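Protein chains: 2
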Amino acid sequence: MKIVKLNDVPTSEINMDGVKNLVKQIPIGSMDGSPHFSFRVFTIGKDGHTPYHSHPYEHLNYIISGKGAIKKSDNEEIAIETGYFSLILADEMHQYVNKSNEPLVVICAVPKEKE
Amino acid sequence: MKIVKLNDVPTSEINMDGVKNLVKQIPIGSMDGSPHFSFRVFTIGKDGHTPYHSHPYEHLNYIISGKGAIKKSDNEEIAIETGYFSLILADEMHQYVNKSNEPLVVICAVPKEKE
């Protein structure tokens, strides 16, 4: 059993193409012996976003706090905020975009091999 | 892709031995085509609790809101509140107990076969 507060989980800044103002934490992952899935948390700062991309595995998301959107295509985005869940299936294009002055904080659960 | 607000997800009351004031929702699950894992949400009302039990699969939890404890054994419980994560491994005894007058709302991610 592991019990941890988000504030006590180490943070790492993500620097890659298509990313802006993105910090990652792994409150539950393979290091903890989680057999199948990992819970990552992404904090997307003001004006920040994840890459607009797809990948061959799904993720399950929960919006801990903030306001933003999920970009699905060049002409479609869906508004999200605190209390929303999303399921992004394998090979679906997606991007999380912060749309407020406060951080957009998102749980992103993935197969542990992809954490 | 599925995007849903927790308030829009159907609720069902759980009545089983060892349970008190417990409501379940499945914002992301096998019905949505989630390939491996499901996100369930349990709302534990005032004086409520989940069963004190174990099972042969893990779950990954996030405390959306409230204050309570995880009972690990007859003489050990760990305080939890909004913003905590927990990993309950297969066969570990555990019980979520509400310790405040407000609901204790918990994401509980499990293999989809166990949703």
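Residue numbers (my numbering), protein chains in the order written: chain S, 1 to 115; chain Z, 116 to 230. The beta carbon of each residue, even a glycine, is placed where N, CA and C say it ideally should be. Note that the coordinates shown come from a computational prediction; the quantities given were computed from them, not determined experimentally.
Residue i versus residue j - alpha carbon distance
i: L137 of chain Z; j: N130 of chain Z; result: 8 Å
i: V41 of chain S; j: T82 of chain S; result: 14 Å
i: S34 of chain S; j: T43 of chain S; result: 22 Å
i: P226 of chain Z; j: D147 of chain Z; result: 14 Å
i: N101 of chain S; j: K72 of chain S; result: 22 Å
i: D132 of chain Z; j: L89 of chain S; result: 36 Å
i: M1 of chain S; j: I28 of chain S; result: 10 Å
i: E191 of chain Z; j: K5 of chain S; result: 19 Å
i: I195 of chain Z; j: D91 of chain S; result: 36 Å
i: C108 of chain S; j: N61 of chain S; result: 5 Å
i: K139 of chain Z; j: V106 of chain S; result: 22 Å
i: L87 of chain S; j: M93 of chain S; result: 12 Å
i: I78 of chain S; j: S145 of chain Z; result: 22 Å
i: F200 of chain Z; j: I141 of chain Z; result: 18 Å
i: T126 of chain Z; j: H36 of chain S; result: 27 Å
Contact list for residue i against chain Z, beta-carbon separation under 7 Å
i: L104 of chain S; result: Going along chain Z, no residue has its Cβ under 7 Å from L104 of chain S, so there is no contact; the nearest lies around 14 Å.
i: E92 of chain S; result: M116
Cross-chain neighbours of residue i in chain Z, by beta carbon under 8 Å
i: I70 of chain S; result: M116 and I118
i: D74 of chain S; result: In chain order: nothing, as chain Z lies at least about 15 Å away.
i: D32 of chain S; result: L202
i: L6 of chain S; result: G198, Y199 and F200
Candidates the options, of which the one nearest residue i by Cα
i: E228 of chain Z; options: Z:Q210, Z:E207, Z:E173 and Z:K182; result: Z:E173
i: E115 of chain S; options: S:I78, S:Y84 and S:S38; result: S:S38
i: H55 of chain S; options: S:K24, S:Q95, S:I26 and S:H36; result: S:Q95
i: D74 of chain S; options: S:H53, S:D47 and S:T11; result: S:H53
i: G117 of chain S; options: S:H36, S:Y84, S:E13 and S:S30; result: Missing from the structure shown is residue 117 of chain S; chain S here goes from 1 to 115 and no further.
i: P218 of chain Z; options: Z:G181, Z:F200 and Z:T126; result: Z:G181
i: D47 of chain S; options: S:I78, S:S30 and S:G68; result: S:G68
Distance between beta carbons of residue j and residue i, contact taken as under 8 Å
i: I238 of chain Z; j: I3 of chain S; result: Shown here, chain Z extends from 116 to 230; a query on residue 238 of chain Z therefore has no answer.
i: H49 of chain S; j: N7 of chain S; result: No, H49 of chain S and N7 of chain S are not in contact; Cβ-Cβ is about 24 Å, not under 8 Å.
i: P166 of chain Z; j: V124 of chain Z; result: No, P166 of chain Z and V124 of chain Z are not in contact; Cβ-Cβ is about 22 Å, not under 8 Å.
Closer than 7 Å at the beta carbon, the chain S residues around residue i
i: I195 of chain Z; result: I3
i: P142 of chain Z; result: F85
Listed by chain order, chain S residues near residue i by CB distance under 8 Å
i: F154 of chain Z; result: L60, Y62, F85 and A109
i: I159 of chain Z; result: Correct list: empty, because the minimum Cβ distance to chain S is about 16 Å.
i: H151 of chain Z; result: H36, F37, E58 and P111
Any non-hydrogen atom of the ligand NAD within 8 Å of residue i CB
i: S86 of chain S; result: This structure simply doesn't include the ligand NAD, nor any ligand for that matter.
Contacts of residue i in chain S (Cβ-Cβ under 9 Å)
i: H164 of chain Z; result: Within chain S, no residue comes near H164 of chain Z; the closest Cβ sits about 17 Å away, beyond 9 Å.
Sequence ranges, beta strand (DSSP E) only - wholly within the region 169 to 228 of chain Z, length at least 3: DSSP runs (the beta strand (DSSP E)) wholly in the region 169 to 228 of chain Z: 174 to 180, 182 to 188, 191 to 196, 199 to 203, 210 to 213 and 219 to 226.
Any beta strand (DSSP E) of 3 or more consecutive residues that is wholly inside the region 119 to 143 of chain Z: Listed in chain order, the beta strand (DSSP E) runs fully inside the region 119 to 143 of chain Z are 135 to 143, counting runs of at least 3 residues.
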